[in-house]
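Residue numbers (this note's numbering), protein chains in the order written: chain A, 1 to 262; chain B, 1001 to 1273.
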């Protein structure tokens, strides 16, 4: 299953204005892994995801998706393997109906119309948005937009799901629905987020970034319970791992930490 | 706050054309290529009339009227959109009555100069062509128009430009709406943007819309967009489509070569005699 392995090999990237966003990141994400990428604002999370999808190309180093290096020439192949969901679903939804939007990707890859229809309906069913198929994307609520944007990505049947802040601006119920949805996906998942509670629930592994470097890479329950580390990186313990603010006792995720020595 | 709501309203107006294009009437079901060609013929015939041939031009109103009725397009919003362009057309034609005093229509109680005739001719031509374009968008949708243009071998770059510009308009307006809200919320009592803030505001908007357009384009690229828009459900041209085109083309040709109002007038007056 080496074709679903993502390898970042000593990656550097500097924006044209001189901001060094990524400063030598090396890590490997294995097939089927669910990885949370966390860090303060400007830590390099979004840049890393954009490098992975080839929106940005590294100044130095190499990114490999399976056996294929991410270069200008391989973008088409890479992008068929990776489904990227933007932070703002509005950026992603540009067609006049949800159906056309979800069908946009498969049609671009020359898939014939009956198959496109099958894929679109399957993707919409997966995110529970079949009833939205004839609606105009800009008329949807935040949660519905997010669901449509994910369906648009899923219709390409990617091997790797990459998401930038998927729970941002979602109401608690929509957030919960999305999390349940993500739990059900067997894809490799790479999620950049500030929602550490979500990472704790969905991602078995967490990579902490600071100033474009990997500060820590390990099991989520361990990392997210390391108050000192989180503090250094401009983060805070997930609420589920904090004591009750009223009585000061009872960690919701205490059971997760058993055996980790924390 | 009035202008702010106008920006947001305009945005909804632009989107309304897209929504209308999703209807499923007889006209909507005609092949996009046929509708594009019919519109082209209509535009060519409309602008081919001589500047004094006002009466010959009049039957061409039949086309937008029939289309609006059959496609169930609401009249008022379409006419409102036309009003936006009317000042421009008036600007083009307004000097004709001033410079062209040659009497063209002489009635016992009034003389109408060639200038006024040509002015109204420009107004009608302008109105008809805009109406036809709006009807085309409202019955076909920009994406299907783009695919029709590709079918007639319009270069990919032009079609892409058209599609992205159309998309950019709504991006620009969304950003303008947001910027306006942000400004007005911190500038109580002001009815419009202070001229001092125009520069930074326009600059900001340009940068933000550029970023946003970039992200939209990236999202397209990530899903395999390579400059060729694929509408998916491309139907074949059917006999019904060809019949539709033939009927309209015949009507336009008759309107062009025969002055229908004059003919009808002669028939009526002949009968009366």
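The C-beta atom is built at its ideal place from N, Cα and C for all residues, glycine as well. Being a predicted model, the structure only gives us computed values, none of them experimental.
- Query: Does residue 263 (chain A) come within less than 8 Å of chain B when only Cβ atoms are used?
  - Reply: A query on residue 263 (chain A) cannot be resolved here, the shown segment of chain A reaching from 1 to 262 and no further.
- Item | For residue 1147 (chain B), three-class secondary structure by DSSP | Stepping through the second chain from its first residue, residue 1147 (chain B) is reached at position 147. Residue state for residue 1147 (chain B) is assigned as helix, using DSSP reduced to three classes.
- Query: Is residue 1237 (chain B) close to chain A, meaning its C-beta is less than 8 Å from at least one C-beta of that chain?
  - Reply: Counting from one through the second chain, the residue named residue 1237 (chain B) turns up at place 237. Residue 1237 (chain B) does not count as touching chain A.
- Task: From the DSSP output, in three-state form, read off residue 1225 (chain B) for me.
- Result: Numbered from its first residue, the second chain carries residue 1225 (chain B) at position 225. Here residue 1225 (chain B) sits in coil by DSSP.
- For residue 143 (chain A) versus residue 181 (chain A), is the C-beta spacing smaller than 8 Å? By 1-based counting over the first chain, the position of residue 143 (chain A) is 143. By 1-based counting over the first chain, the position of residue 181 (chain A) is 181. At least 8 Å separates the beta-carbon of residue 143 (chain A) from that of residue 181 (chain A).
- Query: Is residue 1101 (chain B) buried or exposed, if buried means 16 or more other CB atoms sit within 10 Å of its CB?
  - Reply: Position 101 of the second chain, counted from the first residue, corresponds to residue 1101 (chain B). Looking at its Cβ environment, which holds fewer than 16 other Cβ atoms inside 10 Å, residue 1101 (chain B) is exposed.
- Task: Under the assumption that residue 106 (chain A) contacts residue 98 (chain A) (Cβ atoms under 8 Å), give the Cβ distance between them as a whole number of angstroms.
- Result: Here the question's residue 106 (chain A) lines up with position 106 in the first chain. Here the question's residue 98 (chain A) lines up with position 98 in the first chain. About 14 Å; that fails the 8 Å criterion.
- Message: Only counting the same chain, and skipping five residues up and downstream in sequence, which positions put a Cβ closer than 7 Å to that of residue 1229 (chain B)?
- Response: In the second chain, counting from the first residue as 1, residue 1229 (chain B) sits at position 229. Closer than 7 Å at the Cβ level, and outside the excluded window around residue 1229 (chain B), lie 1143, 1146, 1147, 1163.
- Query: In or out: residue 104 (chain A) buried (at least 16 other Cβ within 10 Å) or exposed?
  - Reply: Residue numbering aside, residue 104 (chain A) sits at position 104 when the first chain is read from its first letter. Counting Cβ neighbours within 10 Å, residue 104 (chain A) comes out buried, since at least 16 surround it.
- Closest residue to residue 1210 (chain B) among B:1128, B:1196, B:1103, B:1174 (Cα-Cα distance): In the second chain, counting from the first residue as 1, residue 1210 (chain B) sits at position 210. Nearest to residue 1210 (chain B) by C-alpha distance, out of B:1128, B:1196, B:1103, B:1174, is B:1174.
- Is the shortest distance between the beta-carbon of residue 156 (chain A) and the beta-carbons of chain B less than 8 Å? On the first chain, position 156 is the one that residue 156 (chain A) refers to. The C-beta of residue 156 (chain A) comes closer than 8 Å to at least one C-beta of chain B.
- When the distance is taken between beta carbons, is residue 123 (chain A) closer than 8 Å to residue 154 (chain A)? Translated into positions along the first chain, residue 154 (chain A) becomes position 154. Translated into positions along the first chain, residue 123 (chain A) becomes position 123. Contact: yes.
- Task: Report the neighbours of residue 55 (chain A) on chain B: residues whose CB is nearer than 8 Å to its CB, in chain order.
- Result: Taking the first residue of the first chain as position 1, residue 55 (chain A) is located at position 55. Residues of chain B with a Cβ closer than 8 Å to the Cβ of residue 55 (chain A) are, in chain order, 1218, 1221, 1222.
- Item | Close-in-space but distant-in-sequence residues of the same chain around residue 150 (chain A) (CB under 6 Å, 5 per side omitted) | The count along the first chain starts at 1 and reaches residue 150 (chain A) at position 150. Counting only Cβ-Cβ distances below 6 Å, and skipping sequence neighbours, we find 85, 127.
- So which residues of chain A does residue 1029 (chain B) contact, with C-beta pairs closer than 8 Å? Locating residue 1029 (chain B) in the second chain gives position 29, counting from the first residue. Neighbours of residue 1029 (chain B) in chain A, taken as residues whose beta carbon is under 8 Å from its own, are absent, since the nearest beta carbon is some 16 Å off.
- Query: Start and end of the beta strand (DSSP E) containing residue 210 (chain A)?
  - Reply: Position 210 of the first chain holds residue 210 (chain A). In this chain, the beta strand (DSSP E) harbouring residue 210 (chain A) covers 205 to 210.
- Message: Judging by CA-CA distance, which residue of A:70, A:159, A:197, A:113 is the nearest neighbour of residue 190 (chain A)?
- Response: Locating residue 190 (chain A) in the first chain gives position 190, counting from the first residue. Here the closest residue by C-alpha is A:159.
- Can you list the residues of chain B that residue 144 (chain A) reaches, using a CB-CB cut of under 9 Å? Translated into positions along the first chain, residue 144 (chain A) becomes position 144. The contacting residues do not exist; residue 144 (chain A) stays about 17 Å from chain B at best.
- Item | Contact under 8 Å by Cβ, residue 1097 (chain B) with residue 1116 (chain B) | Within the second chain, numbered from 1, the residue matching residue 1097 (chain B) stands at position 97. Within the second chain, numbered from 1, the residue matching residue 1116 (chain B) stands at position 116. In this structure, residue 1116 (chain B) lies closer than 8 Å to residue 1097 (chain B) by Cβ.
- Would you tell me roughly how many angstroms separate the C-alpha atoms of residue 240 (chain A) and residue 203 (chain A), rounded to the nearest one? As a working note, residue 240 (chain A) is residue 240 in the first chain. As a working note, residue 203 (chain A) is residue 203 in the first chain. In a straight line, the C-alpha of residue 240 (chain A) is about 14 Å away from that of residue 203 (chain A).
- Which residue spans inside the stretch 1034 to 1077 of chain B form an unbroken alpha helix (DSSP H) run of at least 4? Runs found: 1054 to 1057, 1062 to 1070.
- In terms of alpha-carbon separation, which member of B:1222, B:1241, B:1247 lies closest to residue 109 (chain A)? As a position in the first chain, residue 109 (chain A) is number 109, starting the count at 1. Residue B:1222 is the option with its Cα nearest to residue 109 (chain A).
- When you compare each of B:1253, B:1232, B:1246 to residue 112 (chain A) by their alpha carbons, which one comes out closest? Locating residue 112 (chain A) in the first chain gives position 112, counting from the first residue. A check of alpha carbon separations from residue 112 (chain A) across B:1253, B:1232, B:1246 identifies B:1232 as the nearest.
- Quick one: complete beta strand (DSSP E) runs, 3+ long, within the stretch 1101 to 1161 of chain B? For the stretch 1101 to 1161 of chain B, whole beta strand (DSSP E) runs of length 3 or above, ordered along the chain, are 1103 to 1106, 1111 to 1113.
- If we count the other Cβ atoms within 10 Å of its Cβ and call it buried at 16 or more, is residue 15 (chain A) buried or exposed? Position 15 of the first chain, counting from 1, holds the residue named residue 15 (chain A). So residue 15 (chain A) ends up on the exposed side.
- Task: Please indicate yes or no: does the CB of residue 1176 (chain B) lie closer than 7 Å to some heavy atom of the ligand ZN?
- Result: Of ligands this structure carries none, so the ligand ZN is not represented either.
- Message: Out of B:1124, B:1059, B:1019, which one is the CA nearest neighbour of residue 1051 (chain B)?
- Response: Here residue 1051 (chain B) refers to the residue found at position 51 of the second chain. The shortest Cα separation from residue 1051 (chain B) among B:1124, B:1059, B:1019 belongs to B:1124.
- Message: Once the 5 residues before and after residue 10 (chain A) are set aside, which same chain residues still bring their CB inside 8 Å of it?
- Response: The count along the first chain starts at 1 and reaches residue 10 (chain A) at position 10. Answer for residue 10 (chain A): 24, 25, 26, 60, 61, 62, listed in chain order.
- Test: residue 1230 (chain B) CB closer than 8 Å to a CB of chain A: Numbered from 1 along the second chain, position 230 holds the residue referred to as residue 1230 (chain B). Interface flag for residue 1230 (chain B) against chain A is set, since a Cβ pair is found closer than 8 Å.
- Item | Run of the alpha helix (DSSP H) containing residue 8 (chain A), from where it starts to where it stops | Within the first chain, numbered from 1, the residue matching residue 8 (chain A) stands at position 8. Not the alpha helix (DSSP H): residue 8 (chain A) falls in the beta strand (DSSP E), residues 6 to 14.
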